[in-house]
Amino acid sequence: KAGVTQTPRYLIKTRGQQVTLSCSPISGHRSVSWYQQTPGQGLQFLFEYFSETQRNKGNFPGRFSGRQFSNSRSEMNVSTLELGDSALYLCASSFGVEGAEAFFGQGTRLTVV
Amino acid sequence: SQKIEQNSEALNIQEGKTATLTCNYTNYSPAYLQWYRQDPGRGPVFLLLIRENEKEKRKERLKVTFDTTLKQSLFHITASQPADSATYLCALDIWVLTGGGNKLTFGTGTQLKVEL
């Protein structure tokens, strides 16, 4: 079966701009989670969507937002970009039940200049 | 505060030996613990899951133990090969604590290098 697809793979943006990242989960998966990965902080949870509802949220400012569509595809938006937002953004899909394994996409490498 | 630590940032071992990676956590009571492998520039890949009532789980050359009293998990790779070189991450599923929803909290990761 097809894996988790994230687009775009690479992105360069200027400070102050906004960006939208996209994630297509594995067919049948209703949960999509987003993570930020940086060398200093490691993998940090941003939020999780399940059946179009945000079910869980990490400790990130309100500039980070997301949504999920009826076909389970998800988008993540970051507004007013800061240099510190440069990171690998990973999306993971799962069945959304306790103990479910997460299937990660290749990630979107965002560079803010 | 909640913390998940993995032993040393890097671990170098010789081909054929057993690699043992450690995951220690505080202030959590996870029902599940998962291990992932991550190669440079790629997303993590699921390897094994162990439940709180399981002491040990095996899959081919991989073995995971889970000690909820010590708040520790050990991850073993036997007969290691250069292809096993990667970063290994432990992750706690803290579903219960958050009151619902799928949230994995990851450790810092251990970079394993298997040398010929």
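Chains as they are written, first to last, in my numbering: chain A, 10 to 122; chain B, 555 to 670.
Glycine included, each C-beta is placed from N, C-alpha and C at the ideal position.
Predicted model, so just to flag it, every value in this text is computed and none were measured.
Check: Beta-carbon proximity check, residue 57 of chain A vs residue 656 of chain B, cutoff 7 Å; Outcome: yes
Check: Cut-off 6 Å between Cβ atoms - residues of its own chain near residue 557 of chain B, not counting five sequence neighbours on either side; Outcome: 580
Check: Exposure label - residue 621 of chain B; buried when at least 16 CB within 10 Å; Outcome: exposed
Check: Spatial distance of residue 73 of chain A from residue 88 of chain A (CA atoms); Outcome: 7 Å
Check: Residues from the segment 20-43 of chain A in contact with chain B, defined by Cβ distance under 9 Å; Outcome: 40, 42
Check: CB contact below 7 Å: residue 68 of chain A versus chain B; Outcome: no
Check: Where the beta strand (DSSP E) through residue 86 of chain A begins and ends; Outcome: 83-87
Check: Terminal residues of the beta strand (DSSP E) in which residue 595 of chain B lies; Outcome: That residue, residue 595 of chain B, is in no beta strand (DSSP E); it is neither H nor E in DSSP.
Check: Collapsed DSSP secondary structure at residue 670 of chain B in the structure displayed; Outcome: coil
Check: Alpha-carbon spacing of residue 112 of chain A relative to residue 625 of chain B, whole angstroms; Outcome: 25 Å
Check: Contact check, residue 46 of chain A vs residue 96 of chain A, beta carbons under 7 Å; Outcome: yes
Check: Simplified DSSP state of residue 92 of chain A, which is helix, strand or coil; Outcome: helix
Check: Nearest candidate by alpha-carbon position, reference residue 563 of chain B, set B:633, B:668, B:664, B:670; Outcome: B:664
Check: Partners in chain B for residue 111 of chain A, counting only beta-carbon separations shorter than 7 Å; Outcome: 600, 658
Check: Minimum Cβ-Cβ distance from residue 647 of chain B to chain A less than 7 Å; Outcome: yes
Check: Straight-line Cα distance separating residue 75 of chain A from residue 608 of chain B; Outcome: 36 Å
Check: Sheet register partners of residue 106 of chain A (DSSP bridge); Outcome: BP columns for residue 106 of chain A are empty, so no partner.
Check: Proximity of residue 591 of chain B and residue 115 of chain A at Cβ, strictly below 7 Å; Outcome: no
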